[in-house]
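First residue of the sequence shown: 13, per this note's numbering; consecutive thereafter.
C-beta: ideal position from N, C-alpha, C; glycine also.
Computed from a prediction, not measured in an experiment: that's the story for all the values here.
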Amino acid sequence: MTAAHQVRALGYAPEDVTDIVLTHLDFDHAGGLDDFPAATVHLRAVEQQFAERQHTWLDRQRFRPAQWGSRLRWRTYDDARTETWMGFDSVSGLHGLPPEILMSHLPGHTHGHAGVAIRRDQEWLLLAGDAHFDRREMDPEPRCTPGLRLYQCLMEKDRRARLEHRDRLRHLALRESGVTIFCSHDPVQFEALAGRALGEPCRPRASG
Ligand SMILES: [Zn+2]
């Protein structure tokens, strides 16, 4: 189920992967970076700064330098050259990548947490990472399990920013029918979007 295995199942080698756009540096998101030896890793500069600082006990648990063998290939983005997109500011195009792929600053869970937007035809897919944990947080009547609500509070670096950006994501989801927003940890949403069960590896892409 690792990303490297799934890339192979699609008919590519891990060395073929040229770019990875990272939402944040938590260990469960950065753990596979070293499996892609040729990839440039795009992330927010603030994320790198806070992760490297290793300031608190929790920071040392969540940000693990042992996973950062790719560090010399990190390409970071600050607020210097950003644009607005769908009502979000601090959105960056990514060096060497087409304009259909954007990174949006969605701080709160971590200081440099980002969303990744990808346009397919006229539709946008927006990976919100850990900006929310339960798909129902995007509903008109938002809901979240008590366990996930507690976990989000324990892991947040900035509550005001987290709640503000979660609410902005919800307003975007309700306003724009052409944008599909999904988070990193909702298994039901994963199965619906991926078209396969959680424990099932991705299928080889049909040729032709
Ligand atoms: Zn996560």
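Measuring from the CB of S116, is there a heavy atom of ligand 1 at a distance below 7 Å?
-> Incorrect: S116 has no Cβ contact closer than 7 Å to ligand 1.
Is it true that the segment 88–98 meets the segment 34–43, where meeting means three or more beta-carbon pairs spaced less than 8 Å apart?
-> With fewer than three CB-CB distances shorter than 8 Å, the segment 88–98 does not count as touching the segment 34–43.
Closer than 7 Å: S196 CB and nearest ligand 1 heavy atom | In this structure, S196 has its beta carbon less than 7 Å from a heavy atom of ligand 1.
Return the chain-ordered list of same chain residues with a C-beta closer than 7 Å to the C-beta of G220, the five sequence neighbours on each side being excluded.
-> At G220 the pLDDT is 45, less than 50, meaning the model places this residue with poor confidence; the figure from the coordinates comes in the next sentence. No residues qualify anywhere along the chain.
Identify whether D71 lies in helix, strand or coil by the three-state DSSP scheme.
-> Taken through DSSP and simplified to helix, strand or coil, D71 comes out as helix.
Taking R148 as the reference, which of R172, L137 and R161 has the closest Cα?
-> Relative to R148, the option among R172, L137 and R161 whose CA is nearest is R161.
What are the boundary residues of the beta strand (DSSP E) that L55 is part of?
-> Looking at the DSSP string, the run of the beta strand (DSSP E) that includes L55 is T52 to R56.
Select from V103, D146 and P154 the residue whose C-alpha is nearest the C-alpha of I130.
-> Of the candidates V103, D146 and P154, the one whose C-alpha sits nearest the C-alpha of I130 is V103.
What do you reckon, is the C-beta of D90 under 7 Å from a heavy atom of ligand 1?
-> No, the Cβ of D90 stays beyond 7 Å of every heavy atom of ligand 1.
First and last residue of the alpha helix (DSSP H) that includes Y163?
-> Counting along the chain, the alpha helix (DSSP H) containing Y163 begins and ends at P158 to M167.
Specify the secondary structure class of G220 as computed by DSSP and reduced to three states.
-> The predicted model places G220 with a pLDDT of 45, which falls under 50 and marks its position as unreliable, so this point remains unresolved.
What is the residue span of the beta strand (DSSP E) that R131 lies within?
-> Where R131 is concerned, the enclosing beta strand (DSSP E) starts and stops at A126 to R132.
Is D38 closer than 8 Å to R74 when the C-beta atoms are compared?
-> Taking a C-beta distance under 8 Å as the contact criterion, R74 and D38 qualify as a contact pair.
Which same chain residues, not among the five before or five after Q134, have their C-beta less than 7 Å away from its C-beta?
-> Excluding sequence neighbours, Q134 sits near G190.
Say yes only if the C-beta of H177 is nearer than 7 Å to one or more non-hydrogen atoms of ligand 1, and no if none qualify.
-> For ligand 1, no non-hydrogen atom lies closer than 7 Å to the CB of H177.
What is the rounded straight-line gap between the Cα of F62 and the Cα of A78?
-> Distance between the alpha carbons of F62 and A78: 16 Å.
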